[in-house]
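**Student:** If you read the protein sequences in the order shown, they are chains R and V.
For what it's worth, this note's numbering labels the leading residue of the first sequence as 12, then goes sequentially.
For what it's worth, this note's numbering labels the leading residue of the second sequence as 112, then goes sequentially.
From the three backbone atoms N, C-alpha and C, an ideal C-beta is built for every residue, glycine too.
Computed from a prediction, not measured in an experiment: that's the story for all the values here.
Here's a structure for you.
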Amino acid sequence: MANRLVSPIVWQRATVIETVRETPQARSLMLALPHWQRHRAGQHVEVRLTVEDGYQAQRSYSIASPPEAPYLMLTVERIAEGEVSPYLVDVVQEGDQLEVRGPIGGYFTWQASQSGPLLLVAGGSGIVPLMAMARHHALAGSTTPAHLLYSARQVDNIIYHAELEQLATEDQAFAVFYTLTRGAPPGWAGFQRRIDLDMLEDVGWPPAQHPLIYICGPTPLVEAVATMALHLGHAQGRIKTERFGPTGGS
Amino acid sequence: MSQPMVSRGFRGRQRSVEANLPPGQYLTNDFPVLSAGPTPRTQLAKWDFTIVGTTLVQPKRWTWDEFQALPRVTIQADIHCVTRWSKLGTRWEGVALDTLLARVQHQARFVIAYCDGGYSTNLPLNEVLGGKAWVVDSYEGAPLAPEHGGPARLLVPHRYFWKSTKWVRGLELSVDDRPGFWESLGYHNDGDPWREQRYQGD
Ligand SMILES: Cc1cc2nc3c(=O)[nH]c(=O)nc-3n(C[C@H](O)[C@H](O)[C@H](O)COP(=O)(O)OP(=O)(O)OC[C@H]3O[C@@H](n4cnc5c(N)ncnc54)[C@H](O)[C@@H]3O)c2cc1C
Numbered sequence: 012m013a014n015r016l017v018s019p020i021v022w023q024r025a026t027v028i029e030t031v032r033e034t035p036q037a038r039s040l041m042l043a044l045p046h047w048q049r050h051r052a053g054q055h056v057e058v059r060l061t062v063e064d065g066y067q068a069q070r071s072y073s074i075a076s077p078p079e080a081p082y083l084m085l086t087v088e089r090i091a092e093g094e095v096s097p098y099l100v101d102v103v104q105e106g107d108q109l110e111v112r113g114p115i116g117g118y119f120t121w122q123a124s125q126s127g128p129l130l131l132v133a134g135g136s137g138i139v140p141l142m143a144m145a146r147h148h149a150l151a152g153s154t155t156p157a158h159l160l161y162s163a164r165q166v167d168n169i170i171y172h173a174e175l176e177q178l179a180t181e182d183q184a185f186a187v188f189y190t191l192t193r194g195a196p197p198g199w200a201g202f203q204r205r206i207d208l209d210m211l212e213d214v215g216w217p218p219a220q221h222p223l224i225y226i227c228g229p230t231p232l233v234e235a236v237a238t239m240a241l242h243l244g245h246a247q248g249r250i251k252t253e254r255f256g257p258t259g260g261s
Numbered sequence: 112m113s114q115p116m117v118s119r120g121f122r123g124r125q126r127s128v129e130a131n132l133p134p135g136q137y138l139t140n141d142f143p144v145l146s147a148g149p150t151p152r153t154q155l156a157k158w159d160f161t162i163v164g165t166t167l168v169q170p171k172r173w174t175w176d177e178f179q180a181l182p183r184v185t186i187q188a189d190i191h192c193v194t195r196w197s198k199l200g201t202r203w204e205g206v207a208l209d210t211l212l213a214r215v216q217h218q219a220r221f222v223i224a225y226c227d228g229g230y231s232t233n234l235p236l237n238e239v240l241g242g243k244a245w246v247v248d249s250y251e252g253a254p255l256a257p258e259h260g261g262p263a264r265l266l267v268p269h270r271y272f273w274k275s276t277k278w279v280r281g282l283e284l285s286v287d288d289r290p291g292f293w294e295s296l297g298y299h300n301d302g303d304p305w306r307e308q309r310y311q312g313d
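As structure tokens, then:
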């Protein structure tokens, strides 16, 4: 079983030091924290917001920054009618404070020391913890071959698009594959359908190579891809999933 | 522990008073699926349920058919997930842990439920006896679907729902308390939603 978190997880006041618009729906927040325990790629934090009358709302957000980074980066995608995500995407400004606790989660994590080729499968904002892994892969100089399959609705919904392209060029052991489910621009070279068995087999690694597979995104996508991976013959214990939400899809 | 801090410009959603919800929970009408790995699919012919433990006079094993022949009850319960959704008045059918544990002799004080997929959860015996926990195989009148823990899952409604482990296959009776899967990953050992025991230290 994975490492134990022994210390209680306490709330801290994080200061927003920078915000970056990633797509029309998503924004990254760089946070500075008074005390930060080095996290592992794939972990998340809890964010707590408080109204003047004392009412609070709390949500989980994955950490996008690699363990090597000196600040904490979260990337939030706006959910229509959502309580918390529109606030984090549209209202929060540099200099604001947010209550944060973490890092949380010891299961959906990857460290460069782990063996086996890597297959990362993201749907929508499910890219966030996988981006922490891709960044960690590059910064740690890992030679473990890693493929990322990223499903988004349209090309301008692809979060971290430029950085992913750059990682794919600079990190010799890393490659990225996209699939668009709601139409592609002329000349699009990637896939143009929902993830299916053929795509997963094309992009992934044969079961004989014992790849580690991380799947993250809306619950229906995660369920579907995990079932396909089992069907292709991958071992249950090598498939790790993180489900972001009850509904939605890309 | 810092004082709660007002978040500039945050208004929150219109709130109705939900007297029957534990703190920090919101009501849902769907039944969200949350688990750490893929959904195991166990054939009923291969399914069994066992009770083991070092203090046990005689371990116990039931096949699917034998399990079906045990006295069954229907349960109506509110369930509360640590990821903040709650669902009220869910209906289940299964066998009480009282019924199962009455069929073994032991001196244990804790139970560890173990499952397909490598999960486990720990509970004190006094939290599962007295009509507080069940092994259920039916939800809202239909066989329990694999993504919701079928063929059978534990149901411990007075604890956060991760303690209602899916795909349960047996119980280990233990003299000492040993953290289960989520409990050893930073989640609270007791997980009482009314005391908002989400993570260690809460
Ligand atoms: C471990 C974990 C990590 C997460 N990491 C991230 C992250 O890095 N970036 C990110 O943007 N989100 C992430 N999420 C989702 C996030 O916690 C919130 O659920 C999301 O921001 C919606 O919150 P909200 O208050 O805006 O919507 P709510 O007010 O809670 O919900 C509004 C409506 O949207 C639906 N809904 C809720 N969540 C989702 C969802 N994820 N997709 C589609 N529909 C939804 C609800 O059913 C409801 O109908 C993560 C979730 C988990 C469990």
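State the Cα-Cα distance for the pair R/Asn14 and R/Ile115, rounded to the nearest angstrom.
**Tutor:** For R/Asn14, the predicted structure reports a pLDDT of 42, less than 50, and the residue's modelled location is therefore unreliable. A value from the coordinates is still provided. Going by the C-alpha atoms only, they are around 12 Å apart.
**Student:** Which of helix, strand or coil does DSSP assign to V/Pro134?
**Tutor:** Three-state DSSP puts V/Pro134 in coil, outside helix and strand.
**Student:** By a C-beta neighbour count over all protein chains shown, 10 Å radius and 16 as the cutoff for buried, is V/Lys157 buried or exposed?
**Tutor:** With fewer than 16 other Cβ atoms within 10 Å, it is exposed.
**Student:** Below 8 Å, is the gap between the Cβ of R/Ala25 and the nearest heavy atom of ligand 1?
**Tutor:** Every heavy atom of ligand 1 is 8 Å or more from the Cβ of R/Ala25, so no.
**Student:** Does the beta-carbon of R/Val95, which I'm using as the reference point, lie nearer than 8 Å to any heavy atom of ligand 1?
**Tutor:** Checking every heavy atom of ligand 1 against the Cβ of R/Val95, one is found closer than 8 Å.
**Student:** Find the residues of chain V that neighbour R/Leu241, judging by a C-beta separation of less than 7 Å, and give them in chain order.
**Tutor:** Result: Pro149.
**Student:** Measure from the C-beta of R/Gln108 to each C-beta in chain A and report whether the shortest distance is under 9 Å.
**Tutor:** Any reference to chain A falls outside this structure, whose protein chains are R and V.
**Student:** For ligand 1, is there any heavy atom lying closer than 8 Å to the beta carbon of R/Glu253?
**Tutor:** Within the cutoff, so yes.
**Student:** Less than 9 Å between the beta carbons of R/Gln220 and R/Gly117, yes or no?
**Tutor:** No.
**Student:** Can you name, in chain order, every residue of its own chain whose Cβ lies under 8 Å from the Cβ of R/Asp167, other than the five neighbours on each side?
**Tutor:** So the list reads Thr34 and Pro35, once near-sequence residues are dropped.
**Student:** For ligand 1, is there a heavy atom less than 8 Å away from the beta-carbon of V/Asp141?
**Tutor:** True, at least one ligand heavy atom lies under 8 Å from that Cβ.
**Student:** Please classify R/Gly163: is it buried, with 16 or more other beta-carbons within 10 angstroms of its beta-carbon, or exposed?
**Tutor:** Here residue 163 of chain R turns out to be Ala, not Gly, going by the sequence shown. So R/Ala163 counts as buried.
**Student:** Nearest to R/Ala246 by CA position, among R/Trp216, R/Thr86 and R/Glu253, is which residue?
**Tutor:** The shortest C-alpha separation from R/Ala246 is found at R/Trp216.
**Student:** Would you verify that the beta carbon of R/Ile90 is, or is not, closer than 9 Å to some beta carbon of chain V?
**Tutor:** False, the Cβ-Cβ gap to chain V never drops below 9 Å.
**Student:** For a cutoff of 9 Å on Cβ pairs, would you count V/Leu296 as touching chain R?
**Tutor:** Closer than 9 Å to some Cβ of chain R, the Cβ of V/Leu296 qualifies, so yes.
**Student:** Counting C-beta neighbours from all protein chains within 10 Å, is the total for V/Met112 16 or more, i.e. buried, or is it exposed?
**Tutor:** Bear in mind that a pLDDT of 45 at V/Met112, under 50, signals an unreliable position, so the number given afterwards is only what the model happens to contain. Answer is exposed; the Cβ neighbour count stays below 16.
**Student:** Which residues in chain V have a C-beta closer than 8 Å to the C-beta of R/Gly248? List them in chain order.
**Tutor:** Gly148 and Gly229, listed in chain order.
**Student:** For the region 244-260 of chain V and the region 196-210 of chain V, state whether three or more C-beta atom pairs, one from each stretch, are separated by less than 8 Å.
**Tutor:** Segments in contact, yes.
**Student:** Would you verify that the beta carbon of V/Glu283 is, or is not, closer than 9 Å to some beta carbon of chain R?
**Tutor:** Not an interface residue.
**Student:** Select from V/Thr201, V/Ala213, V/Glu307 and V/Pro149 the residue whose C-alpha is nearest the C-alpha of V/Thr185.
**Tutor:** Nearest option by C-alpha distance: V/Thr201.
**Student:** When DSSP labels each residue in this structure, what does R/Phe119 get in the three-state scheme?
**Tutor:** Here R/Phe119 sits in coil by DSSP.
**Student:** Using a beta-carbon distance below 9 Å, is R/Gly135 in contact with chain V?
**Tutor:** Cβ-Cβ to chain V under 9 Å: no for R/Gly135.
**Student:** For the region 248-262 of chain V, list every residue whose C-beta sits within 7 Å of some C-beta in chain R, in sequence order.
**Tutor:** Against chain R - using a Cβ distance shorter than 7 Å - the residues of the region 248-262 of chain V are Glu258.
**Student:** Taking 6 Å as the limit between beta carbons, can you name the residues of its chain near R/Glu79, skipping five residues before and five after?
**Tutor:** Cβ neighbours of R/Glu79 beyond the five flanking positions: Leu150.
**Student:** From R/Val236, R/Leu223 and R/Ala75, pick the residue whose C-alpha is nearest to that of R/Leu208; which is it?
**Tutor:** Out of R/Val236, R/Leu223 and R/Ala75, R/Val236 has the C-alpha closest to the C-alpha of R/Leu208.
**Student:** Within 10 angstroms of the Cβ of V/Arg319, are there 16 or more other Cβ atoms? Answer buried if so, exposed if not.
**Tutor:** Absent from the structure is residue 319 of chain V, since the part of chain V shown begins at 112 and ends at 313.
**Student:** Which value, in whole angstroms, describes the spacing of the CA atoms of V/Phe221 and V/Ser118?
**Tutor:** Going from the Cα of V/Phe221 to the Cα of V/Ser118 covers about 42 Å.
**Student:** What do you reckon, is the C-beta of R/Glu110 under 8 Å from a heavy atom of ligand 1?
**Tutor:** No; taking the cut-off as 8 Å, the Cβ of R/Glu110 has no heavy atom of ligand 1 nearer than that.
**Student:** Helix, strand or coil: which one does DSSP assign to V/Ser107?
**Tutor:** With chain V covering only 112 through 313, there is no way to say anything about residue 107 of chain V.
**Student:** On the DSSP letters alone, give me the boundaries of the alpha helix (DSSP H) that R/Ile138 sits inside.
**Tutor:** Element bounds for R/Ile138: Ile138 to Leu150.
**Student:** Return yes when the C-beta of V/Leu211 is under 8 Å from any heavy atom of ligand 2, and no when it is not.
**Tutor:** You won't find ligand 2 in this model; what it holds is ligand 1.
**Student:** Determine which residues share a DSSP beta bridge with R/Gln108 and list them.
**Tutor:** Beta-bridge pairing links R/Gln108 to R/Thr26.
**Student:** Mapping the DSSP letters down to three states, classify V/Asp209 as helix, strand or coil.
**Tutor:** The answer is helix: DSSP assigns V/Asp209 an H, G or I state.
**Student:** Closer than 7 Å, Cβ to Cβ, to anything on chain V: give me those residues from the region 153-170 of chain R, in chain order.
**Tutor:** Answer in chain order: no residues at all.
**Student:** Is R/Leu85 near ligand 1, going by C-beta to nearest heavy atom under 8 Å?
**Tutor:** The answer is yes for R/Leu85.
**Student:** Taking C-beta to C-beta, are V/Ser275 and V/Ile190 nearer than 9 Å?
**Tutor:** For V/Ser275 and V/Ile190, yes; Cβs fall inside 9 Å.
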